[in-house]
Amino acid sequence: MAMSAARAGAEAEVRTRLPDVAALAAALDGVDYLADPGLATAMFLAVRLPQPLLLEGEPGVGKTEAAKALARALDTPLFRLQCFEGIDAAEALYEWNHPRQLLGIRLAEARGAALDEDDLFGPDYLLRRPLLQAIEHAGPRPAVLLLDEIDRADAEFEAFTFEVLAEAAVTVPELGTIRAAHPPIVVLTSNRTRDLHDALTRRCLYHWIDYPTPERVAEIVRRRVPGSEEPLAVAAATAVTRLRSLDLVKPPGIAEVIDWVAALGVLGLFELDAAAVEASWGSVLKNRDDHELARTRGAAWLAGA
Ligand SMILES: Nc1ncnc2c1ncn2[C@@H]1O[C@H](COP(=O)(O)OP(=O)(O)O)[C@@H](O)[C@H]1O
Ligand SMILES: [Mg+2]
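Right, dumping it as structure tokens:
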């Protein structure tokens, strides 16, 4: 099938914006997302091939943020579908706005106006969910569609979303087929609570995001916490890496280092010593058992003193 002129134009514009991996890495850096070369390459291919990108990694390593940053870097909307157990098409694609339909019927009755079914199943009564929004997106560039934590949904839902994405079209029986002018750039994330289906992984590019080195985490923190100084950022990032060596229920991630450095700043503590740790445990550990485990090692151990 011939590509529309609008879509060809959009692809040319994306090519000009992102001629190579380095250009994408720089654009991501410009929106304060630091991607290592492996991740930048995977994201570049996802945009340019295009092909859905599956990002896996532990919680808090920057999977969700990667998709958000990609949308910002492309200056295009992000449509995010947060997956959960039991999620179905109505939540992903569309559903009819029943309260509004009922209201429409009541109002028509009150006015003594005629109302037929077509009126009630028209575009005004459709609740558009992220998949449909991404498909309907009018451009000028493709939207980014984030299927977040796809491992929480069941395998049937996976298969359903992939059918929709492969077609880049949605059929609403009452309205007809809605075809994407600009098929979205698709990013899926998984915390790996279960294996994903072969049918899905086969269609995707894959990238595993490792928890970064303390130096890298410190760089991220300095982007995210205004006024933070490098020594404190490095000390906090190093301490969190130390914590992650314990057998914790909820190992802290990058977000906790960011929160921690922000909290220390508000407390007026600019050095990470045992007293600073004692004052701020709750910014880093969010689980009672983890607290106890870390406290048996001690604040001084965590501070590296
Ligand atoms: N590479 C990165 N560059 C900038 N910020 C990052 C990066 N990785 C993670 N972050 C920060 O860490 C936080 C947690 O990341 P998030 O994307 O929510 O993790 P995940 O989705 O993998 O659980 C984000 O809000 C962001 O502030
Ligand atoms: Mg996430």
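Heads up: the sequence shown begins at 367 in this note's numbering, then just goes up one per residue.
Quick reminder that beta carbons are idealized off the backbone N, C-alpha and C, glycines included.
Values in this document were obtained by computation on a predicted structure and should not be read as measured data.
With DSSP run on the structure shown, which of helix, strand or coil describes residue i?
i, result
"Gly-542", "strand"
"Val-587", "helix"
"His-657", "helix"
"Tyr-460", "strand"
"Ser-556", "strand"
"Ala-691", "This structure cannot settle anything about residue 691, because the visible part of the chain is limited to 367 through 671."
"Leu-444", "strand"
"Tyr-491", "helix"
"Glu-675", "Only positions 367 to 671 of the chain appear in this structure, which leaves residue 675 out of reach."
"Ala-535", "strand"
"Glu-424", "coil"
"Val-413", "helix"
"Leu-419", "strand"
Any heavy atom of ligand 2 closer than 7 Å to the Cβ of residue i?
i, result
"Lys-616", "no"
"Asp-514", "yes"
"Thr-543", "no"
"Lys-429", "yes"
"Thr-559", "no"
"Thr-442", "no"
"Thr-407", "no"
Measure the C-alpha to C-alpha separation of residue i and residue j and round it to an integer number of angstroms.
i, j, result
"Gly-478", "Gln-417", "53 Å"
"Arg-472", "Asp-482", "13 Å"
"Asp-517", "Gly-426", "16 Å"
"Leu-405", "Arg-582", "14 Å"
"Thr-527", "Ala-455", "8 Å"
"Val-553", "Ala-433", "6 Å"
"Leu-668", "Thr-407", "35 Å"
"Glu-658", "His-563", "38 Å"
"Ser-646", "Val-632", "11 Å"
"Val-623", "Val-600", "10 Å"
"Asp-402", "Ala-603", "18 Å"
"Val-587", "Leu-511", "26 Å"
Run the proximity test for residue i: is its beta-carbon closer than 7 Å to any non-hydrogen atom belonging to ligand 1?
i, result
"Asp-398", "yes"
"Ile-551", "no"
"Ala-401", "yes"
"Phe-555", "What sits at residue 555 in the sequence shown is Thr, not Phe. Indeed, a heavy atom of ligand 1 lies less than 7 Å from the Cβ."
"Ala-621", "yes"
"Pro-580", "no"
"Arg-589", "yes"
"Pro-592", "no"
"Gly-426", "yes"
Assign residue i to one of two classes, buried (16 or more other C-beta atoms within 10 Å of its C-beta) or exposed (fewer than that).
i, result
"Tyr-572", "exposed"
"His-464", "exposed"
"Arg-497", "Position check: residue 497 holds Leu in this sequence, whereas Arg was assumed. It is buried - the Cβ of Leu-497 has at least 16 other Cβ atoms within 10 Å."
"Leu-447", "buried"
"Glu-451", "exposed"
"Lys-429", "buried"
"Glu-422", "buried"
"Ser-649", "buried"
Is the closest heavy atom of ligand 4 to the C-beta of residue i under 7 Å?
i, result
"Gly-452", "Questions concerning ligand 4 fall outside what the structure shown contains, since the ligands it does hold are ligand 1 and ligand 2."
message: Which runs of the beta strand (DSSP E) at least 3 residues long sit entirely within the region 570–633? Give them in chain order.
response: For the region 570–633, the full-length beta strand (DSSP E) segments reaching 3 residues or more read 571–574 along the chain.
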